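Colleague:
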Amino acid sequence: MAKDFLTIVITSPGEVSDEAARISELLSSGKADFVHIRKPYSSLRDIRNLIEEIPQPLRSRLRLHGHFALLDEFSLAGAHLNSRCPEAPYNARSLTRSCHSLAELRDLDRYEYVTLSPIYDSISKTGYSSAFDANELKGKLPPGKVIALGGVTPDRFPELKEAGFAGAALLGAVWGNQ
């Protein structure tokens, strides 16, 4: 990865007012390097409508957590694999994946990056507690591949960088409990 520390924003799973405008602002302002569209309860049509409202030059920085048929239609960044969508689609330009243990951080060559969570107590999911101590992860993370997720706020970026994370993913810090 070219950038020193990636900032990723994951969409709220629910509806958000002016969401396309907010995503566009995050990307165009540089506050986010990528936005992951994670809408497990939304239809293909809903996701298509959201993407269509985002200016075309920004779409190459969008990554889907489902509805992978839209990857080619909009030339998106790629697909993010998780327990709900574990199979890599044939049409992904690049892949990322969710991880929830250190054991899952093996054989990462096929992935641009992976998220590891929950690093801190979740902001958006009540009762979803940290599974890791960021300081104890120093020296245990594959270099340049692991993105911290779960309870992450911008003020924690220095600690995460020191622990060896390649970046951070924000959800609750951006969208709250929406």
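Residue numbering for the sequence shown follows my numbering, starting at -6 and increasing by one per position.
A virtual CB, placed ideally from N, CA and C, is assigned to each residue, including glycine.
Predicted, not measured: the structure shown is a model, and the values here were computed from it.
#1: Which partner residues does PHE(-2) have in the DSSP bridge list?
#2: Just the C-alpha distance for VAL139 and SER5, rounded to the nearest angstrom, thanks.
#3: According to the neighbour-count rule (16 or more other Cβ atoms, all chains shown, within 10 Å of its Cβ), is SER209 buried or exposed?
#4: Is VAL167 close to chain C, meaning its C-beta is less than 9 Å from at least one C-beta of that chain?
#5: Measure how close the beta-carbons of ALA70 and PHE61 come, nearest whole angstrom, since I'm counting them as under 8 Å.
#6: With respect to the beta strand (DSSP E) encompassing PHE27, which residues constitute its N-terminal and C-terminal limits?
#7: With respect to the beta strand (DSSP E) encompassing LEU63, which residues constitute its N-terminal and C-terminal limits?
Modeller: With the given structure in hand:
#1: Its beta-bridge partners do not exist; DSSP assigns none.
#2: Between the C-alpha atoms of VAL139 and SER5 there is a straight-line separation of about 21 Å.
#3: No statement about residue 209 is possible, as the shown extent of the chain runs from -6 to 171 and does not include it.
#4: Judged by its chain identifiers, the structure shown contains no chain C, having just a single protein chain.
#5: In fact, because the Cβ distance is near 12 Å, the residues do not count as touching under 8 Å.
#6: 27 to 30
#7: Counting along the chain, LEU63 falls outside any beta strand (DSSP E), though it belongs to the alpha helix (DSSP H) covering 63 to 67.
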